[in-house]
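Q: Structure incoming, see below.
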Amino acid sequence: MTSPSPSVAFITPSFARDFERCELLCNTIQQFVPQGIKHYLVVDRIDYPLFSKLESPSTVILIVEDLLPWWIKKTPFRSRFWINFKGLPIRNWLLQQIIKIATVLSIEEEIAIFVDSDVAFVRPFDEHQFFQDSDVRLYCEIDGNCDWMQEHKKWHQTASELLGLEPTPMPAPDYIGNLISWRKSNVKRMCEHIEKLHSRSWMQCIASQWNFSEYILYGTFVNRVIPESSGHFLAEHKLSLNYWEEEPLSSEELKLFFQKLQPEHQAVMISAKARMQPSVYEPYVENVERVKKGERPKEVSVTM
Numbered sequence: 031m032t033s034p035s036p037s038v039a040f041i042t043p044s045f046a047r048d049f050e051r052c053e054l055l056c057n058t059i060q061q062f063v064p065q066g067i068k069h070y071l072v073v074d075r076i077d078y079p080l081f082s083k084l085e086s087p088s089t090v091i092l093i094v095e096d097l098l099p100w101w102i103k104k105t106p107f108r109s110r111f112w113i114n115f116k117g118l119p120i121r122n123w124l125l126q127q128i129i130k131i132a133t134v135l136s137i138e139e140e141i142a143i144f145v146d147s148d149v150a151f152v153r154p155f156d157e158h159q160f161f162q163d164s165d166v167r168l169y170c171e172i173d174g175n176c177d178w179m180q181e182h183k184k185w186h187q188t189a190s191e192l193l194g195l196e197p198t199p200m201p202a203p204d205y206i207g208n209l210i211s212w213r214k215s216n217v218k219r220m221c222e223h224i225e226k227l228h229s230r231s232w233m234q235c236i237a238s239q240w241n242f243s244e245y246i247l248y249g250t251f252v253n254r255v256i257p258e259s260s261g262h263f264l265a266e267h268k269l270s271l272n273y274w275e276e277e278p279l280s281s282e283e284l285k286l287f288f289q290k291l292q293p294e295h296q297a298v299m300i301s302a303k304a305r306m307q308p309s310v311y312e313p314y315v316e317n318v319e320r321v322k323k324g325e326r327p328k329e330v331s332v333t334m
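Heads up: take any position in the sequence shown, counting from 1, add 30, and you land on this note's numbering.
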C-alpha cells in the first residue's frame, strides 16, 4: 500500500493511564495503515519514557511542553490544571484541545486525522472515504444533537464568539467524532482570523474559555467563514463504531457490539470511561480481519 496524496498524518494525544489502549491503536495502525503515513503521539514530558517504546520510523512522539509557549507551564506534580501566566489556570481537558491545534500547526503534513487512544483499526485504511479529488472529508452531521445537548450549545456559542459570528442557529451541526480530518492550511487561517479579531494570540483566546470544543471551532470556521475555499467535502456517516457508555461490556455484549460493524467502519472506539482493559476486547478486534479472510476466529474469554 502506498501513501495517499496530499500528505497525511495521524495525531493522537495520550497519557500514561491510556498507554495500553494507545499501544493497541499503534499496533492496528501498523497493520492497517499504509507505510509512509506518520502517526504523531503527543504526550507530557513525564510520560515520554513510557511511550518511547512505541517509537518507530512511522510513529513519532511529540512532547506537549515543546508545543506550548513560555506562559503555559506544567505544575511540578500531576494535576488537573496547567499554570497560565497570562490568565486563569488551564484545565487538562482544555489544554488537550489547544494541543491538537498546536500539533497540526507544527507538523509538515497538510492533512491531519485525529484518532484517540481508545480507538482501534479493524480494517485497512480506506483513503477513498477521506478524499474526493482534491477535497478532504469533514465529518458534519448537519442536524446534529446540539439542539438538546446543552454543552454543545455552549461550544457553538464560544466558537461563534471567537470567530466574530452571529450565534449558530439551533439545531446546529455536529463535528465531533473519531477519525476527524482537518487541513493544516485551514487551521492556520483559523488561528490568524481569531488573532486579527481579538488582537491577541489564538492560544490566549482559547485558554480563556470555559466551554470549548476544538472540533466545533474548526467546523464552524470551515462552514461559516471559508465555505467556498475550505477544500473540504461534508460527510455525515461515522467511520468508527463507537461505545460511549461508562459501563463495561460483558462477553455477549462485546460480541453483539462487534456484530454492528458496517462496511464503512474502519475502526472501533470503546471509551476509556468504560474501564475495560484493552486485552479484553483485543481478540474481537483481531477477529474482524480473521473472519474476513475466512480464517478461524480466535477463542475469546472475557475476564473483567
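The beta carbon of each residue, even a glycine, is placed where N, CA and C say it ideally should be.
1) I'd like to know whether the C-beta atoms of R390 and E258 end up nearer to each other than 9 Å.
2) When you compare the CB positions of A46 and I67, do they come within less than 9 Å of one another, or not?
3) Look at the alpha carbon of G249 and the alpha carbon of E294, and state the distance between them as a whole number of angstroms.
4) Grab me the residues of D173's own chain with a C-beta within less than 6 Å of its C-beta, minus the 5 sequence neighbours each way, in chain order.
5) List in chain order: all unbroken beta strand (DSSP E) runs of 3+ residues lying wholly within the region 115-178.
6) Determine the closest residue to V217 out of T133, A302, S229 and P64, with distance taken between C-alpha atoms.
7) Only counting runs of 4 or more residues, tell me where the alpha helix (DSSP H) segments fall wholly within the region 230-277, in order along the chain.
8) For K130, does the count of other Cβ atoms within 10 angstroms reach 16, so buried, or fall short, so exposed?
9) Terminal residues of the continuous alpha helix (DSSP H) containing K104?
10) Check for me: the alpha helix (DSSP H) holding F62 runs from which residue to which?
11) Give me, in chain order, the residues of the same chain whose beta-carbon lies closer than 8 Å to that of L97; leave out the 5 immediate sequence neighbours on both sides.
12) Let me make sure I understand the geometry here. Which of N241, S88 and G207 has the alpha-carbon closest to that of E266?
13) Distance, Cα to Cα, T198 vs Q187?
14) Out of curiosity, what's the CA-to-CA distance linking Y311 and N57?
15) Roughly how many whole angstroms lie between the Cα atoms of L80 and Y205?
16) Leaving out the 5 sequence neighbours to the left and right, which residues in its chain are closer than 6 Å to K214 when beta-carbon positions are compared?
17) May I ask whether a heavy atom of the ligand MN can be found less than 8 Å away from the beta carbon of Y314?
18) Quick check: what's the CA-CA separation for V99 versus I59?
19) Since Y70 and L84 are thought to touch, with beta carbons under 8 Å apart, how far apart are those beta carbons, to the nearest angstrom?
20) Skipping 5 residues on each side, what residues in its chain have a beta carbon closer than 7 Å to that of C235?
21) Buried or exposed for P106, going by 16 or more other Cβ atoms inside 10 Å?
22) For I76, which of helix, strand or coil comes out of DSSP?
23) Could you tell me which residues DSSP puts in a beta bridge with W112?
24) Alpha carbons only, please: which of L247, L54, F62 and D48 is nearest the one belonging to D74?
25) How is Y314 classed by DSSP in three states: helix, strand or coil?
26) Reducing DSSP to helix, strand and coil, say where I210 ends up.
A: So, to answer that:
1) The shown model of the chain, from 31 to 334, leaves out residue 390, and the question about it has no answer.
2) Not in contact: A46 and I67 (Cβ atoms no closer than 9 Å).
3) 22 Å
4) P201
5) 141-144, 149-151 and 165-169
6) T133
7) 232-237 and 244-250
8) buried
9) Following the DSSP letters along the chain, one finds K104 in no alpha helix (DSSP H) but inside the beta strand (DSSP E) bounded by residues I102 to K104.
10) F49 to F62 is the span of the alpha helix (DSSP H), which, as asked, contains F62.
11) V72, I129, A132, T133 and S136
12) G207
13) 7 Å
14) 14 Å
15) 32 Å
16) V134 and E140
17) In the structure on display, the ligand MN does not appear, and there are no ligands present to speak of.
18) Checking the displayed sequence, the identity of residue 99 turns out to be Pro instead of Val. Their Cα atoms are separated by approximately 31 Å.
19) No, Y70 and L84 are not in contact; Cβ-Cβ is about 11 Å, not under 8 Å.
20) L192, I224 and H228
21) Per the 10 Å Cβ criterion, exposed.
22) Note: I76 maps to helix in three-state DSSP.
23) K104 and I120
24) D48
25) Note: Y314 maps to helix in three-state DSSP.
26) strand
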